[in-house]
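Student: Here you go, one structure.
Numbering (this note's numbering), first residue to last: 403 to 762.
Put into structure tokens, the structure is as follows:
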């Protein structure tokens with residue numbers, strides 16, 4: 403008889419082993435999936451996880467790695483602060499979209515002015531837009547006790563509707579012959595998130611992601627607010643006795659995650675995406691949840707997990723073009739990563755026991 407026995411305290415060994423073991427299990431299950439699709443499983447896994455870093459065209463893919471990872475890391479850092487405190491922001495995708503709309507809107511309002519202050523103003527507008535969108539579930543939770551999971555998630559669909567609307571009306575390119583979508587920011591240097599080091603794929607969004615990692619690390623390890631976040635997540639009752647203000651913590655965690663998601667959207671729309679369009683959002687807000695948990699809600703872990711998830715995006719695109727793998731199979735592979743992470747994570751708090759069931 404197989405039973406799960408509660409550990410006296412979480413296993414440090416399994417805490418460290420869970421992410422890499424989840425990756426290995428994902429590769430095995432993904433290989434089986436690709437075999438059922440009629441593809442060579444070894445070649446498929448190699449194309450996704452190995453070739454972008456060590457393959458023939460690795461010099462090109464390495465430059466794209468940071469580009470793909472930056473928004474995931476930026477959003478996941480914000481989410482991790484709330485998750486550590488037991489505050490569940492599942493609507494980062496909506497905050498990402500609203501931040502992109504606000505940042506792009508400010509930039510397009512100044513077109514074609516060339517002023518070095520425009521881009522910093524767009525960064526602020528993107529962060530403010532994401533923050534304001536996150537304040538809706540935060541305020542409702544503080545004032546009325548609503549569930550932030552449901553409210554933040556439902557607001558994603560509102561944000562998507564707003565994106566479709568502004569793409570076809572308010573922010574539509576007047577010279578676009580009626581097609582939905584804004585002007586391309588590559589044609590507007592003052593508002594374009596251009597590469598700082600093109601060969602390495604570094605733009606201002608990548609810089610912001612690294613700054614966010616450092617900020618979160620210092621906050622959680624050196625600041626009293628970080629201590630309050632950790633204590634609230636581990637023991638809400640102890641946090642209340644310690645004088646932690648839960649309302650202030652909710653507003654801070656949701657606001658910070660919203661601001662970082664909004665900045666990620668602004669950097670993406672003015673850089674890799676290039677313009678506001680109906681299908682601008684690519685699910686980064688949801689994928690960042692996987693990144694946050696894969697990184698164990700630790701800033702350095704999130705940095706590494708973001709790079710790994712970016713690898714699945716880049717390798718997945720390569721596998722689609724060279725091996726003919728369907729896009730849905732790559733999305734399923736990413737979903738498997740979270741599934742195996744949660745499954746193996748059970749061993750952190752429980753140990754498996756084998757034995758016969760005692761008679762009653």
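We put the beta carbon where it would ideally sit given N, CA and C, even for glycine.
(1) Can a CB atom of chain B be found closer than 7 angstroms to the CB of residue 420?
(2) Are residue 692 and residue 739 close, meaning C-beta to C-beta below 7 angstroms?
(3) When you compare the CB positions of residue 742 and residue 427, do they come within less than 7 angstroms of one another, or not?
(4) Between residue 404 and residue 746, how many whole angstroms is the CB-CB distance? I'm expecting something under 8 angstroms.
(5) By DSSP, does residue 642 sit in helix, in strand, or in coil?
(6) Using only alpha-carbon positions, find the residue among 735, 675, 469, 686 that is nearest to residue 443.
(7) Taking only three categories from DSSP, how would you classify residue 418?
(8) Going straight from the alpha carbon of residue 584 to that of residue 573, what length do you get?
(9) Determine the direct distance from the alpha carbon of residue 675 to that of residue 525, and round the result to whole angstroms.
(10) Could you pull out every residue in the same chain whose Cβ sits closer than 8 angstroms to the Cβ of residue 560, ignoring the five residues on either side in sequence?
(11) Please work out which residues of its chain come closer than 7 angstroms, Cβ to Cβ, to residue 520, disregarding the five sequence neighbours upstream and downstream, and give them in chain order.
(12) Helix, strand or coil for residue 599? Go by DSSP, reduced to three states.
(13) Work out the CA separation of residue 604 and residue 566 for me, nearest whole Å.
(14) Identify the continuous alpha helix (DSSP H) that holds residue 470 and give its terminal residues.
(15) If the criterion is Cβ atoms closer than 7 angstroms, does the pair residue 699 and residue 485 meet it?
(16) Taking 7 angstroms as the threshold (C-beta atoms), are residue 538 and residue 492 in contact?
(17) Is the beta carbon of residue 613 less than 7 angstroms from the beta carbon of residue 489?
(18) When DSSP builds the beta bridges, which residues end up paired with residue 755?
(19) Using three-state DSSP, classify residue 430 as helix, strand or coil.
(20) I'd like the list of long-range same chain contacts for residue 433, defined as Cβ closer than 8 angstroms, with 5 residues on each side in sequence excluded.
(21) List, from N- to C-terminal side, the alpha helix (DSSP H) runs of 4 residues or more that fit wholly inside the stretch 671–695.
(22) Taking C-beta to C-beta, are residue 372 and residue 542 nearer than 7 angstroms?
(23) With DSSP collapsed to three states, give me the class of residue 604.
(24) Below 8 angstroms, how does it come out for the stretch 528–535 and the stretch 718–730: are there three or more Cβ pairs, yes or no?
(25) Rounded to a whole number of angstroms, what is the C-alpha to C-alpha distance between residue 465 and residue 578?
Tutor: Answer, in terms of the structure:
(1) Any reference to chain B falls outside this structure, which holds one protein chain only.
(2) If you check the CB distance, residue 692 and residue 739 come in under 7 angstroms.
(3) Yes. Within cutoff.
(4) Contact doesn't hold; Cβ gap of about 16 angstroms is too wide.
(5) If DSSP states are grouped into helix, strand and coil, residue 642 belongs with the helices.
(6) 735 is the residue among 735, 675, 469, 686 whose C-alpha sits nearest the C-alpha of residue 443.
(7) Residue state, collapsed to three classes: helix.
(8) Distance between the alpha carbons of residue 584 and residue 573 is about 5 angstroms.
(9) Straight-line spacing of the CA atoms in residue 525 and residue 675 works out to 16 angstroms.
(10) Cβ within range, chain order: 496.
(11) Answer for residue 520: 509, 512, 592, 593, listed in chain order.
(12) DSSP places residue 599 in the strand class (E or B) of the three-state scheme.
(13) One Cα belongs to residue 566, the other to residue 604, and the distance between them is close to 29 angstroms.
(14) Here the alpha helix (DSSP H) through residue 470 covers 460–486.
(15) Result yes, Cβ atoms of residue 699 and residue 485 sit closer than 7 angstroms.
(16) No, the pair does not count as a contact, with Cβ atoms beyond the cut-off.
(17) By the CB criterion at 7 angstroms, residue 613 and residue 489 fall outside the cutoff.
(18) The partner list for residue 755 (beta bridge, DSSP) reads 405.
(19) Looking at residue 430 - three-state DSSP - the assignment turns out to be helix.
(20) Here the set comprises 443, 444, 446, 447.
(21) The stretch 671–695 contains no whole alpha helix (DSSP H) run of 4 or more residues.
(22) Outside the displayed range of the chain (403 to 762) lies residue 372, so it cannot be described from this structure.
(23) In the three-state scheme derived from DSSP, where H, G and I count as helix and E and B as strand, residue 604 is classed as strand.
(24) Per the Cβ contact rule, the stretch 528–535 is not in contact with the stretch 718–730 (fewer than 3 Cβ pairs under 8 angstroms).
(25) C-alpha of residue 465 to C-alpha of residue 578: approximately 31 angstroms in a straight line.
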